[in-house]
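Enquirer: Handing you a structure now.
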DNA sequence: ACGCACAATATTGTATACAAAGCTGCTCAG
DNA sequence: CTGAGCAGCTTTGTATACAATATTGTGCGT
């Protein structure tokens, strides 16, 4: 069977600072990560090595490296002699991810509000613009991705790289959690929360930024339905045994 | 040149629950990680692939995988076309690692104090026994390793896997920080802090456990000398330009 | 018809071969 | 003597070949 060959996009190409161009496996990992963020890859899906190697037109070596990266980020679950699958966080894990976010992010938002420069705020506003544009264009996946990334941008402003990387990881995993446990249909009406958050940061109002972030996260958290039985076998069971 | 062949130890062998035995690259990664923890491998040291492959008597493929794992844990720095090196966290990073610990661990200690069972406490006490024994035997490296692992054990009792894995990562990195920035010579006199901490957990005294953990971490943090210039080239500079 | 055992197949795990990039040390011009 | 440039060597990056294991399919016996 002949397969589409994806032209590997140069991520962050043309960036003024011209940072070291990413390695091949990083590009593949980024690509897969993005696909998971945008819910184009559903939890539980098998990611065959040969298949991916074929798709990206690289050797299995590269694919394996990329999958290992994603596995360390807990976006992918590698089972010995079985293969790699898009991760299916159990309800307990989902709960923990959001608890951790509620612990780290409000504090980070506070710090960001204190440190944010004019340029930072401009960047955030531009980001929100893209978010709105994606929504208007009906590109739900991209909007979802951007909505997560805003949190990362805010963490970056706080300039605590270590904690930022934790948050980054948590947000990636949140994407899986949302894919599995989201309840409401009107998912993204919450973009007003982002607007207000950015406004608090612009005003250098740490208390307000912290409070808004906290309530935003509680809001998201409460929109999850974590009462499903802790099925361990991926989503197949759900698809068959009537949700 | 002929080289010693390390018989790969079965880590966690004989564990009652008989969990899936680790893959080869996991064993290698664990081994290297342990060596870093115990300061047998100094920051900045080059970890050549062929060299390690020879030592562990496996192929470079395995070594590469292991190094990638350690790189994700930020214990190892992989430079493209240059190789893998034991990481040299900059003072800023060192600072952040301890700040993050001060944020996460006291809260976790509190939670552990609430949840600790009789068996948990017994395990902690046994752990401290080993710590003392290692100290008495003059095995500083092992004592150092154990002293970090106690924090991990406490986090485990709190049963928040997500945050525990963050803490695990931070403790590993702390080992590098200590190797680079430790000031006092009488490093490990602080084992009394551990005794008191475990006692608070045994007494199910969350407030006390939290306070003790906090002050213990502040104590460690303050024993670092982070005022050195942010040398980017590893420890060689220090060794030559008179510390 | 059912279920177990075995064979065929497909996929992952590991080793190795080859290509590409970096580093070292030489040579030679100035 | 100094320093730039080139050549050879060393080390890493990638692809591929082979081995090991899980899964699937088939057939036989009951």
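Residue numbers (our numbering), protein chains in the order written: chain A, 58 to 300; chain B, 58 to 300.
Note that CB positions come from ideal geometry on N, CA and C, so glycine has one too.
Using DSSP with H/G/I as helix, E/B as strand and the rest coil, what is residue 140 (chain A)?
Expert: In this structure, residue 140 (chain A) counts as strand in the three-state DSSP scheme.
Enquirer: Does the Cβ of residue 177 (chain A) have 16 or more other Cβ atoms within 10 Å, making it buried, or fewer, making it exposed?
Expert: Under this definition residue 177 (chain A) is a buried residue.
Enquirer: Pairing CB atoms from the segment 169-189 of chain A with CB atoms from the segment 263-275 of chain A, are three or more of them under 8 Å?
Expert: Short answer: they touch.
Enquirer: Since residue 281 (chain B) sits in a beta bridge, which residues does DSSP pair it with?
Expert: B:239.
Enquirer: Indicate whether at least one CB of chain A lies closer than 8 Å to the CB of residue 223 (chain B).
Expert: Cβ-Cβ to chain A under 8 Å: yes for residue 223 (chain B).
Enquirer: Please confirm whether residue 281 (chain A) has its beta-carbon closer than 8 Å to some beta-carbon of chain B.
Expert: Not one chain B Cβ lies under 8 Å of residue 281 (chain A).
Enquirer: So which of A:230, A:150, A:204, A:282 has the shortest CA-CA distance to residue 252 (chain A)?
Expert: Residue A:204 is the option with its Cα nearest to residue 252 (chain A).
Enquirer: Are there 16 or more other CB atoms within 10 angstroms of the CB of residue 275 (chain A), so buried, or fewer, so exposed?
Expert: Exposed, since its Cβ has fewer than 16 Cβ neighbours within 10 Å.
Enquirer: List, in chain order, every chain B residue whose beta-carbon is nearer than 8 Å to that of residue 153 (chain A).
Expert: The contacting residues are 217, 218, 219, 220.
Enquirer: Residue 125 (chain A) CB to nearest chain B CB: under 8 Å?
Expert: Yes, because at least one Cβ of chain B sits closer than 8 Å to the Cβ of residue 125 (chain A).
Enquirer: If I'm right that residue 221 (chain B) touches residue 229 (chain B) with Cβ under 8 Å, what's the distance once you round it to whole angstroms?
Expert: About 13 Å separates the two Cβ atoms, so there is no contact after all.
Enquirer: List, in chain order, every chain B residue whose beta-carbon is nearer than 7 Å to that of residue 357 (chain A).
Expert: It is not possible to answer for residue 357 (chain A), since the shown part of chain A is limited to 58 through 300.
Enquirer: Does residue 99 (chain A) come out as helix, strand or coil in the three-state DSSP assignment?
Expert: Residue 99 (chain A) falls in the coil class under three-state DSSP.
Enquirer: Using a C-beta to C-beta distance shorter than 7 Å, which residues of chain B count as neighbours of residue 184 (chain A)?
Expert: Near residue 184 (chain A) there are no residues of chain B at all, since even the closest Cβ is about 24 Å away, more than 7 Å.
Enquirer: Counting C-beta neighbours from all protein chains within 10 Å, is the total for residue 260 (chain A) 16 or more, i.e. buried, or is it exposed?
Expert: Exposed, since its Cβ has fewer than 16 Cβ neighbours within 10 Å.
Enquirer: Measuring only the C-alpha atoms, how far is residue 288 (chain B) from residue 128 (chain B)?
Expert: Reliability fails at residue 288 (chain B), whose pLDDT of 47 lies under 50, so the model's placement of it is uncertain and the value that follows must be treated cautiously. So the alpha carbons of these two residues sit roughly 20 Å apart.
Enquirer: Apart from the five residues on each side of it in sequence, which residues of its chain come closer than 7 Å, Cβ to Cβ, to residue 280 (chain B)?
Expert: Result list for residue 280 (chain B): 239, 240, 241, in chain order.
Enquirer: Mind reading off the beta-carbon distance from residue 273 (chain A) to residue 250 (chain A)? Whole number of angstroms is fine, and I expect it under 8 Å.
Expert: So it is a contact: roughly 4 Å between Cβ atoms.
Enquirer: Which chain B residues sit within Cβ distance under 7 Å of residue 122 (chain A)?
Expert: Under the 7 Å cutoff, chain B gives 125.
Enquirer: Runs of 4 residues minimum, wholly inside the segment 185-272 of chain B: which ones carry the alpha helix (DSSP H) assignment?
Expert: With a minimum length of 4 residues, the continuous alpha helix (DSSP H) runs that stay inside the segment 185-272 of chain B are 197-215, 218-238, 248-259.
Enquirer: Taking a cut of 9 Å between CB atoms, which residues from the segment 162-191 of chain A lie near chain B?
Expert: Those would be 164, in chain order.
Enquirer: Kindly say whether residue 208 (chain B), judged by its beta-carbon, lies nearer than 8 Å to any beta-carbon of chain A.
Expert: No, residue 208 (chain B) does not count as interfacial toward chain A.
Enquirer: Do residue 237 (chain A) and residue 100 (chain A) have their beta-carbon atoms positioned less than 8 Å apart in this structure?
Expert: Closer than 8 Å, so yes.
Enquirer: Any idea which residues DSSP pairs residue 133 (chain B) with across the strands?
Expert: According to DSSP, residue 133 (chain B) bridges with B:143.
Enquirer: Could you tell me if residue 138 (chain A) is buried or exposed, where buried requires 16 or more neighbouring beta carbons within 10 angstroms of its beta carbon?
Expert: So residue 138 (chain A) ends up on the exposed side.
Enquirer: Which whole-angstrom value describes the C-beta separation of residue 224 (chain A) and residue 165 (chain A), a residue pair presumed to lie in contact below a C-beta threshold of 8 Å?
Expert: About 7 Å separates the two Cβ atoms, so the contact holds.
Enquirer: Please classify residue 116 (chain A) as buried or exposed, where buried requires at least 16 neighbouring CB atoms within 10 angstroms.
Expert: Under this definition residue 116 (chain A) is an exposed residue.
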